[in-house]
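So the structure is just underneath, and the comments pick up after that.
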Amino acid sequence: MKPRFLVPLSCLLLGMGAMPALAADPSRRPNIVFLFADDHAWQAISAYGEARKLLDTPNIDRLAREGMRFDRCLVPNSICGPSRATILTGKYSHANGFYNNTNSRFDGSQTTFPKLLQKAGYQTALFGKWHLVTNPTGFDHWHILPGQGVYYNPPMICNGQRVKHDGYTTDILTELALDWLKQRDKAKPFLLMLHHKAPHREWEPALRHLGHDKDRKYPEPDTLFDDYAGRGKAEREQDMTIAKTMNDRDLKLTPPQQLTPEQRKVWDAYYGPRNQAFRKANLQGQDLVRWKYNRYLHDYLGCIKAVDESVGRVLKYLDDEGLGDNTLVVYSSDQGFYLGEHGWFDKRWIFEESLRTPLLVRWPGVVKPGSVNKDMVSNLDFAETILEAAGVAVPAEMQGRSLVPLLKGQTPADWRKNLYYHYYEHPGPHNVPRHYGVVTPRYKLVYFYEPTVNYWELFDLQKDPKELRSIYGQAEYAAIQKELHAELARLRKELNVPDPDPKETEIRPQKAKVKKK
Ligand code: CA
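Each residue of the sequence shown is one higher than the last, beginning at 2 in our numbering.
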């Protein structure tokens, strides 16, 4: 399906505002292409070689083959908006003021890396999901999905003006980004941020990808029927199971509203007979969960097919224009995601599947092709990395650290040995209580600190990589537990994290003041 565009003329005259010319030769500064997905689990990228081999992502894999794959990229707050705010500012949620998706608003007056690149003479553009409530700042051109966005025929906002597009959102965003690249001022370096909605819930694939897996039965994670023994109330009382939480929209038993009659026919031709057979079978118990799991993976992975094609199209453009050699390309997601592990979908937890996000970086001449990095890195580091790559001074207030030495294969001796984590969105969707903790290469100390859900957990990732059994309070771990408590206290002090109010019953309100424009 070729997307058709209904775009005002003002949105076709892209990013041509005059910028001060720099004394240095701007052609030597690398272009930055930041390719970003929403909820893209590393388990669903074939370059990560996950045991289940869920799908092939040849174009995303090309970035691993020609660049560096990071195996321990961790997020400090595993949810959409906060993660985006962290990437832009290089700061933790408590420092940039964006804590949660429920009542936070991004203070667009604060320093972000796109703003600094723009000031340094870069052309800057953003396409796709933004999800920070206030309008983007720091971009010559922006064309975003309102809120979560939709998968088909999406309304969008182009530089403040509402527009409507017909087609599949992943394709439309790719077309818009390529159009912008074609029309840019070729005398200047550029920053392109292409933020897909996919593969976010409700996981609606391009119509051309329905049936992509030929009704494959997917290998199951061995924790699909986790009973949460060995862990506490939070894990037992969450609301993110495939068994109980998935609704008819998620499971494609109800079609999305946005489809045109022609699109609906294609949709019905695929899902109709399968849904009919499902209803007739009247599955129960684990059989029902298994059916849901397979439907979920068909849809989720189907969304990623189009994302992978998008990456391929952008890389081909860079090839065709001879830009590849001087362009730093990043592929990442706003967090990890559960694909049935522990019986779950969604994210939020400090636990591995949601904590760890994919990160692939291609930068010819700097990154050795096919290299793999296992250091503990974070999306806190993205801003500083991109600024250093562009030769722009990094503000002292940023809380990450540039990955440029790691990209060169030279991890500094004093690289971080642990990471502070803090999740705030509760009460909220999926009922994951607020928690904070410290993650080290081997251990994870976690504190669920709300008055009604008040307990500590400790995991030994070496002995228990699937995090099935908290060993908090066990005598043999007393020394490491004490050490981790001290480290957690030190991190909270160093990072200036406000103490939670023990009487707090509402999610933390946003503290930063937002200027009205
Ligand atoms: Ca997300």
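All residues carry an ideal CB built from backbone N, CA and C; glycine is no exception.
Keep in mind that this is a model prediction, so the values were computed, not measured.
**Q.** Same chain, Cβ closer than 8 Å to residue 48, neighbours up to 5 away in sequence not counted
**A.** 58, 61, 62, 64, 65, 66, 70 and 361
Q. Using the beta-carbon count (16 or more within 10 Å), is residue 238 buried or exposed?
A. exposed
Q) Can you tell me whether residue 480 is buried or exposed, with buried defined as 16 or more other CB within 10 angstroms of its CB? A) Exposed: under 16 other Cβ atoms inside 10 Å.
Q) To the nearest whole angstrom, what separates the beta carbons of residue 451 and residue 473, a pair I think is in contact under 8 Å? A) That belief does not hold up - the Cβ atoms of residue 451 and residue 473 are roughly 17 Å apart, past 8 Å.
(Q) Between the alpha carbons of residue 40 and residue 296, how many angstroms are there, rounded? (A) A direct Cα-Cα distance of roughly 17 Å separates residue 40 from residue 296.
Q. If we count the other Cβ atoms within 10 Å of its Cβ and call it buried at 16 or more, is residue 129 buried or exposed?
A. buried
Q.
So within the stretch 337-398, which uninterrupted beta strand (DSSP E) runs reach at least 3 residues, ignoring any that extend past its ends?
A. List check, beta strand (DSSP E) in window: 360-363 and 372-374.
Q: Report the rounded CA-to-CA distance for residue 271 versus residue 251, giving the unit in angstroms.
A: 15 Å
Q.
Short of 7 Å in beta carbon distance, which residues of its chain neighbour residue 254, apart from the five on each side in sequence? Order them along the chain.
A. 276
**Q.** Cβ-Cβ separation, residue 429 to residue 91 (assumed contact under 8 Å), whole Å
**A.** So it is not a contact: roughly 25 Å between Cβ atoms.
Q: Would you grab the beta carbon distance between residue 565 and residue 339 for me? Rounded to a whole angstrom, and I think it's under 8 Å.
A: Shown here, the chain extends from 2 to 518; a query on residue 565 therefore has no answer.
Q. Using DSSP with H/G/I as helix, E/B as strand and the rest coil, what is residue 301?
A. helix
(Q) Shorter than 8 Å, the distance from the beta carbon of residue 124 to the closest heavy atom of ligand 1, or not? (A) Annotation for residue 124 indicates a beta carbon at 8 Å or more from all heavy atoms of ligand 1.
Q. Quick one: is the Cβ of residue 348 within less than 8 Å of any heavy atom of ligand 1?
A. yes
(Q) My output table needs one value for residue 140: the three-state DSSP class, helix, strand or coil. (A) coil
Q) Per DSSP, which one or two residues make a beta bridge with residue 457? A) 448
Q: Would you grab the beta carbon distance between residue 341 and residue 221 for me? Rounded to a whole angstrom, and I think it's under 8 Å.
A: 6 Å
Q: Pull up the distance between the alpha-carbon of residue 436 and that of residue 445, whole angstroms please.
A: Each residue's Cα considered, the two are about 12 Å apart.
Q.
Give me the pocket residues for ligand 1, defined as CB within less than 5 Å of any heavy atom, sorted by chain position.
A. 39, 40, 81 and 335
Q) Mind checking whether residue 366 and residue 326 have CB atoms under 9 Å apart? A) yes
Q. Three or more beta-carbon pairs under 8 Å between the stretch 201-210 and the stretch 291-307, yes or no?
A. yes
Q. How long is the line joining the alpha carbons of residue 103 and residue 426, rounded to whole angstroms?
A. Those two C-alpha atoms are separated by around 7 Å.
Q. Quick one: Cα of residue 266 to Cα of residue 108, how far?
A. 43 Å
**Q.** Cα-Cα separation, residue 10 to residue 386
**A.** Low confidence applies here, because residue 10 scores a pLDDT of 47, under 50, leaving its location unreliable; read the following figure in that light. Going by the C-alpha atoms only, they are around 35 Å apart.
Q) How about residue 156: is its C-beta nearer than 9 Å to some C-beta of chain B? A) This model lacks chain B altogether, as it is built from one protein chain only.
Q) For the candidate residues 42, 93 and 393, whose alpha-carbon lies nearest to that of residue 73? A) 42
**Q.** residue 272 - DSSP class collapsed to helix/strand/coil
**A.** Three-state result, residue 272: helix.
Q. Per DSSP, what kind of secondary structure is residue 146 in: helix, strand or coil?
A. strand
Q) Would you call the CB atoms of residue 83 and residue 105 closer than 9 Å? A) yes
Q: With a threshold of 16 other CB atoms inside 10 Å of the CB of residue 336, please say whether the residue is buried or exposed.
A: buried
Q.
Taking the alpha-carbon of residue 574 as reference, which of 396, 291 and 491 has the nearest alpha-carbon?
A. What the structure shows of the chain is the stretch from 2 to 518, and residue 574 is not part of that stretch, so it cannot be assessed.
Q.
Going by DSSP, what residue range makes up the alpha helix (DSSP H) through residue 490?
A. 479-495
Q) In three-state terms, what does DSSP make of residue 470? A) coil
**Q.** Spatial distance of residue 158 from residue 178 (CA atoms)
**A.** 14 Å
Q) Looking at the unbroken alpha helix (DSSP H) that takes in residue 409, where does it start and where does it end? A) Premise fails: residue 409 is in no alpha helix (DSSP H) and is neither H nor E.
(Q) Here's the rule I'm using: 16 or more other beta-carbon atoms within 10 Å means buried, otherwise exposed. How should residue 30 be labelled? (A) buried
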